[in-house]
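By full-length UniProt numbering, the letter at position 146 of the sequence shown is numbered 146, and the numbering carries on one by one without gaps.
Cβ coordinates follow ideal geometry from the N, Cα and C atoms, glycine included.
The structure presented is a predicted model; accordingly, all values stated were derived computationally and were not measured.
Read the structure below first, then the notes.
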Amino acid sequence: MKIKNTKAFHRMLYIVGLFSMIIILSACITSTTEKKNQAEEENNESNTVVQDENQNRIIPTTVAVTHILDALNLEAIAVPTTMYDLPERYKGLPEIGNPMSPDMEIVKSLNPTEVFSVTTLEADLKNTFEEVGINASYVNLQSIDNMKAAILEIGKKYDRTAEATKLVSQLEGKISALRMKVELNESPKVLILLGIPGSYLVATENSYIGDLVRMAGGQNVMSGQEPEFLPSNTEFLQQSNPDIILRLAHGIPDQVVEMFNEEFATNDIWKHFDAVKNGRVYDLEEPVFGTTATLAVPQALEELIDIMYP
Numbered sequence: 001m002k003i004k005n006t007k008a009f010h011r012m013l014y015i016v017g018l019f020s021m022i023i024i025l026s027a028c029i030t031s032t033t034e035k036k037n038q039a040e041e042e043n044n045e046s047n048t049v050v051q052d053e054n055q056n057r058i059i060p061t062t063v064a065v066t067h068i069l070d071a072l073n074l075e076a077i078a079v080p081t082t083m084y085d086l087p088e089r090y091k092g093l094p095e096i097g098n099p100m101s102p103d104m105e106i107v108k109s110l111n112p113t114e115v116f117s118v119t120t121l122e123a124d125l126k127n128t129f130e131e132v133g134i135n136a137s138y139v140n141l142q143s144i145d146n147m148k149a150a151i152l153e154i155g156k157k158y159d160r161t162a163e164a165t166k167l168v169s170q171l172e173g174k175i176s177a178l179r180m181k182v183e184l185n186e187s188p189k190v191l192i193l194l195g196i197p198g199s200y201l202v203a204t205e206n207s208y209i210g211d212l213v214r215m216a217g218g219q220n221v222m223s224g225q226e227p228e229f230l231p232s233n234t235e236f237l238q239q240s241n242p243d244i245i246l247r248l249a250h251g252i253p254d255q256v257v258e259m260f261n262e263e264f265a266t267n268d269i270w271k272h273f274d275a276v277k278n279g280r281v282y283d284l285e286e287p288v289f290g291t292t293a294t295l296a297v298p299q300a301l302e303e304l305i306d307i308m309y310p
């Protein structure tokens with residue numbers, strides 16, 4: 001009887017041990033399966049992010065937008081043709097022509113998912129883009145505030161919110177520090193001329209360069225006008241008698257500066273401007289100064305302050 005009990009006891013231990021091993025093995029298998037599934041999920045998520053990045057085929061058509069994309073750590077598949085330096089990351093990319101007349105055949109052949117132009121060129125380019133089946137986006141760089149809003153919008157769309165927020169914060173900090181320098185200065189009256197090959201216009205406070213002058217503490221003699229630029233009326237401009245005349249050459253800078261020099265030398269009316277009499281006529285040079293806002297705003301503002309408050 002004692003022997004039977006011993007055998008029964010050993011049999012019971014064997015059964016308990018067997019069940020324990022089954023439970024342990026099941027747990028190991030479950031754990032391994034869970035880890036495998038987790039790894040697969042993480043791998044899938046990683047692949048999704050990479051695929052999403054690769055699916056972004058962006059073409060900036062202006063220098064200003066190209067620099068914004070670079071600052072947001074975004075890749076592009078082509079760049080505008082320009083005489084100015086572009087970010088190193090875009091070196092060797094195809095060129096699509098100048099911002100005012102991109103080569104639509106090249107743009108179309110690259111199968112872009114997004115083409116960025118600017119609102120100042122929308123009226124000229126919208127139909128052309130639509131004719132080749134491209135729904136372009138037009139970035140508003142007509143003022144500094146509009147540029148900051150555009151940076152945040154692009155950042156949100158392409159998962160670059162942190163980069164966009166940091167960039168805008170840096171710009172605001174630099175601009176605020178510069179504006180503090182001129183708070184106590186008397187506001188000079190400023191006339192801004194935008195020169196293009198063969199002609200020139202007058203910039204109002206609603207243009208980017210007008211916005212820049214306002215931030216520098218200047219008083220635009222063409223205040224209260226809605227358009228960004230107006231035809232020149234020298235008799236009216238003389239009556240406004242600006243303290244400073246700023247000349248911005250656009251398009252072909254050397255040719256435009258030569259045109260300005262000839263205009264001021266041969267048109268007798270300019271000799272009666274106080275700004276001319278006092279030698280306060282200044283040429284603003286691209287790319288620091290342009291017709292639309294750029295990331296060079298702090299540098300442009302600093303140079304403008306030095307001009308306006310010598």
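When secondary structure is reduced to three states using DSSP, Y138 falls in the strand class. Residue ranges of uninterrupted alpha helix (DSSP H) with 4 or more members, entirely inside the segment 82-150 and ordered along the chain, are 104-109, 122-131. Per the coordinates, the alpha-carbon of A78 lies some 5 Å from the alpha-carbon of I59. Every unbroken stretch of the beta strand (DSSP E) spanning 3 or more residues and falling wholly within the segment 215-245 is given here in chain order: 229-231.
Contact between K174 and P298 holds, with the beta-carbon distance rounding to 4 Å and staying under 8 Å. Judged by beta-carbon spacing, V63 lies beyond the 7 Å limit of T81, meaning their Cβ atoms are not closer than that value. Bounds of the alpha helix (DSSP H) holding P253 are 253-266.
Put simply, of M222, N127, L69, G92 the residue whose alpha carbon is nearest the alpha carbon of F116 is L69. Within the same chain, and ignoring the five residues on either side of Y282 in sequence, the residues whose Cβ sits closer than 8 Å to its Cβ are I244, I245, L246, R247, I307. Around the beta carbon of P87, a 10 Å sphere encloses fewer than 16 other beta carbons of the protein chains shown; the residue is thus reported as exposed. Between F289 and N241, the beta carbon gap of about 24 Å keeps them out of contact (Cβ cut-off 8 Å). Residue nearest to M259 within the set Q239, G198, G92 is G198 (criterion: CA-CA distance).
D211 sits in a helix when the DSSP states are folded into three classes. DSSP places G195 in the strand class (E or B) of the three-state scheme. Taking a C-beta distance under 7 Å as the contact criterion, V213 and N206 do not qualify as a contact pair. The Cβ atoms of F236 and L201 lie no closer than 7 Å to each other. By the neighbour-count criterion, in which 16 or more other beta carbons inside 10 Å mark a residue as buried, K148 falls on the buried side.
Shown here for N56: same chain residues with a beta carbon closer than 8 Å to its own, the five before and five after excluded, namely L74, E75, T113, E114, Y158 in chain order.
Non-local beta-carbon contacts of E226 in its own chain, meaning distances under 7 Å to residues more than five positions away in sequence, involve N206 in chain order.
When beta bridges are read from the DSSP output, D283 appears opposite R247.
According to DSSP, residue pairing for K189 in a beta bridge involves Q219. In this model, N261 and G97 are separated by some 30 Å (Cα to Cα). If you draw a 10 Å sphere on the C-beta of S176, you find fewer than 16 other C-beta atoms in it, and that means exposed.
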